[in-house]
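To start, the structure under review is shown below, and the notes come after it.
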Amino acid sequence: MGFELSFVWAGLIAFAVLAYVILDGFDLGTGILFPLLGKEKHRVHAMNTIAPVWDGNETWLVLGGGGLFAVFPLAYAVIMPALYPPVIAMLLALIFRGVAFEFRHRSPKRAILWDISFFGGSLVATLSQGLILGALVQGIEVENRAYAGGHWDWFSFFSILTAVALVAGYALLGSTWLIMKTDGELRDRARKLAWIAGAATVVLIGCVSLATPFLDTLYLDRWFDRPNVYFTLIVPLAVAVTALVFVTQMQRKHDHWPFFAALMLFVLCFIGLGISFYPYMVPHAITIAEAAAPDESLWFLLAGALVLIPMILGYTAYAYWVFRGKTDPGHGYH
Numbered sequence: 263m264g265f266e267l268s269f270v271w272a273g274l275i276a277f278a279v280l281a282y283v284i285l286d287g288f289d290l291g292t293g294i295l296f297p298l299l300g301k302e303k304h305r306v307h308a309m310n311t312i313a314p315v316w317d318g319n320e321t322w323l324v325l326g327g328g329g330l331f332a333v334f335p336l337a338y339a340v341i342m343p344a345l346y347p348p349v350i351a352m353l354l355a356l357i358f359r360g361v362a363f364e365f366r367h368r369s370p371k372r373a374i375l376w377d378i379s380f381f382g383g384s385l386v387a388t389l390s391q392g393l394i395l396g397a398l399v400q401g402i403e404v405e406n407r408a409y410a411g412g413h414w415d416w417f418s419f420f421s422i423l424t425a426v427a428l429v430a431g432y433a434l435l436g437s438t439w440l441i442m443k444t445d446g447e448l449r450d451r452a453r454k455l456a457w458i459a460g461a462a463t464v465v466l467i468g469c470v471s472l473a474t475p476f477l478d479t480l481y482l483d484r485w486f487d488r489p490n491v492y493f494t495l496i497v498p499l500a501v502a503v504t505a506l507v508f509v510t511q512m513q514r515k516h517d518h519w520p521f522f523a524a525l526m527l528f529v530l531c532f533i534g535l536g537i538s539f540y541p542y543m544v545p546h547a548i549t550i551a552e553a554a555a556p557d558e559s560l561w562f563l564l565a566g567a568l569v570l571i572p573m574i575l576g577y578t579a580y581a582y583w584v585f586r587g588k589t590d591p592g593h594g595y596h
């Protein structure tokens, strides 16, 4: 039963991570695009579109990280020593971004400082997340159930590639979010940025996908051996269809569908990542079952999660419902 329960928890943590990526991704992307938005009123307007929801989006990061520590302590004990530098950089960057949110409207004389903090925090947090992802995909060296690699194993050509790809992807989410939430000149500027970010994202997804099978023969075997190859083809085909939807809806100048298409790109990439990782928690060293805590702990924590997760989903959905529609540039964050 413990084996089955560990997979339930792996699914819950994967859901929390996906929720964080697609929700916090668009506000990090808005920060990345901040210097390219032009006029001061456009930057203020862009910040106002994400002000009601940005801090709630980070709840999922806490849930995913806390869940990993409590439910898969072995994986946490191996992953963290391997990734301390990018993890610490990400957390510090998120702090700088949060401070910029609060102080930009309280200290307008230092607006340039807070703009730099907002942009820099968003960019560094995104790059750090990409480096973490790349390091996990390329594998972590494990001996005797402990990290056995070097201090700089997380920094490689592949992890840099995934970091750049994530910056492009978050910029795509941010630009399509602004298309959906704004009007006029800012929306037109966001639409131009979305074309660039969309093209870069699709190209970089292809580059990462082509490089991944050559990192480890296990990826190569899993992706291209029969019958897995038939399932492997579904994801890139779905990505191609989603990219086509994005292009057609952008050409028709729809406001909502480009954002949903960008979200679907992330969901499909996450599915492909899950197929590549399964059944490992630390590829390809520690399985989900090996990393799990005792059955008693899993049951106890699951009881709490069954209460907590619906509550988080409820208030998140309510917040997005209350602040639905276009954002009025004359009213916003105070």
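Adding 262 to a residue's 1-based position in the sequence shown gives its number in my numbering.
Each residue gets a CB set at the ideal place from its N, CA and C atoms; glycine is no exception.
From what residue to what residue does the alpha helix (DSSP H) around residue i run?
| i | result |
| --- | --- |
| residue 540 | Looking at the DSSP string, residue 540 is not in any alpha helix (DSSP H), and its letter there is neither H nor E. |
| residue 473 | 446-473 |
| residue 349 | 335-366 |
| residue 588 | Here residue 588 belongs to no alpha helix (DSSP H), and DSSP marks it neither H nor E. |
| residue 599 | Absent from the structure is residue 599, since the part of the chain shown begins at 263 and ends at 596. |
| residue 440 | 419-443 |
| residue 308 | 302-312 |
| residue 416 | That residue, residue 416, is in no alpha helix (DSSP H); it is neither H nor E in DSSP. |
| residue 487 | Premise fails: residue 487 is in no alpha helix (DSSP H) and is neither H nor E. |
| residue 411 | Where residue 411 is concerned, there is no enclosing alpha helix (DSSP H), given that its DSSP letter is neither H nor E. |
Please report the Cβ distance between residue i and residue j, rounded to the nearest whole angstrom; I am assuming they are in contact, meaning their Cβ atoms lie under 8 Å.
| i | j | result |
| --- | --- | --- |
| residue 404 | residue 340 | 6 Å |
| residue 292 | residue 457 | At roughly 17 Å, the Cβ-Cβ gap does not stay under 8 Å, so residue 292 and residue 457 are not in contact. |
| residue 284 | residue 563 | At roughly 24 Å, the Cβ-Cβ gap does not stay under 8 Å, so residue 284 and residue 563 are not in contact. |
| residue 274 | residue 557 | Between residue 557 and residue 274 the Cβ distance is about 16 Å, and since that is not below 8 Å, they are no contact. |
| residue 332 | residue 502 | Contact flag wrong, Cβ pair sits at about 39 Å. |
| residue 508 | residue 460 | 6 Å |
| residue 470 | residue 504 | So it is not a contact: roughly 16 Å between Cβ atoms. |
| residue 420 | residue 472 | Actually they are not in contact, since the Cβ atoms of residue 420 and residue 472 sit about 11 Å apart, beyond 8 Å. |
Counting only beta-carbon separations shorter than 8 Å, does residue i have a partner in chain C?
| i | result |
| --- | --- |
| residue 532 | No chain C appears in the structure shown, which is made up of a single protein chain. |
DSSP three-state call for residue i: helix, strand or coil?
| i | result |
| --- | --- |
| residue 504 | helix |
| residue 404 | strand |
| residue 549 | strand |
| residue 556 | coil |
| residue 317 | helix |
| residue 372 | helix |
| residue 286 | helix |
| residue 517 | coil |
| residue 530 | helix |
| residue 393 | helix |
| residue 295 | coil |
Apart from the five residues on each side of it in sequence, which residues of its chain come closer than 6 Å, Cβ to Cβ, to residue i?
| i | result |
| --- | --- |
| residue 355 | 383, 386, 387 |
| residue 289 | 312, 316 |
| residue 327 | none |
Taking just the CA atoms, how far does residue j sit from residue i?
| i | j | result |
| --- | --- | --- |
| residue 452 | residue 418 | 32 Å |
| residue 316 | residue 437 | 16 Å |
| residue 390 | residue 312 | 21 Å |
| residue 567 | residue 446 | 43 Å |
| residue 497 | residue 474 | 14 Å |
| residue 484 | residue 520 | 32 Å |
| residue 409 | residue 584 | 46 Å |
| residue 537 | residue 543 | 12 Å |
| residue 500 | residue 369 | 47 Å |
| residue 278 | residue 322 | 5 Å |
| residue 587 | residue 517 | 11 Å |
| residue 468 | residue 371 | 44 Å |
| residue 513 | residue 481 | 37 Å |
| residue 488 | residue 582 | 43 Å |
| residue 412 | residue 282 | 29 Å |
| residue 551 | residue 539 | 13 Å |
| residue 486 | residue 527 | 22 Å |
| residue 335 | residue 553 | 7 Å |
| residue 363 | residue 466 | 30 Å |
| residue 318 | residue 573 | 12 Å |
| residue 402 | residue 522 | 34 Å |
| residue 579 | residue 286 | 14 Å |
| residue 534 | residue 392 | 16 Å |
Using C-beta distances below 7 Å, list every residue in its chain close to residue i, excluding the 5 sequence neighbours before and after it, in chain order.
| i | result |
| --- | --- |
| residue 295 | 433, 436, 437, 455 |
| residue 345 | 394, 397, 416 |
| residue 298 | 455 |
| residue 591 | 303, 307 |
| residue 560 | 264, 267, 268, 271, 333, 554 |
Leaving aside the five residues before and after residue i along the sequence, list all residues of the same chain whose C-beta is less than 8 Å from its C-beta, in chain order.
| i | result |
| --- | --- |
| residue 589 | 307, 310, 311, 443, 444 |
| residue 366 | 309, 373, 376, 377, 380 |
| residue 428 | 388, 389, 391, 392, 395 |
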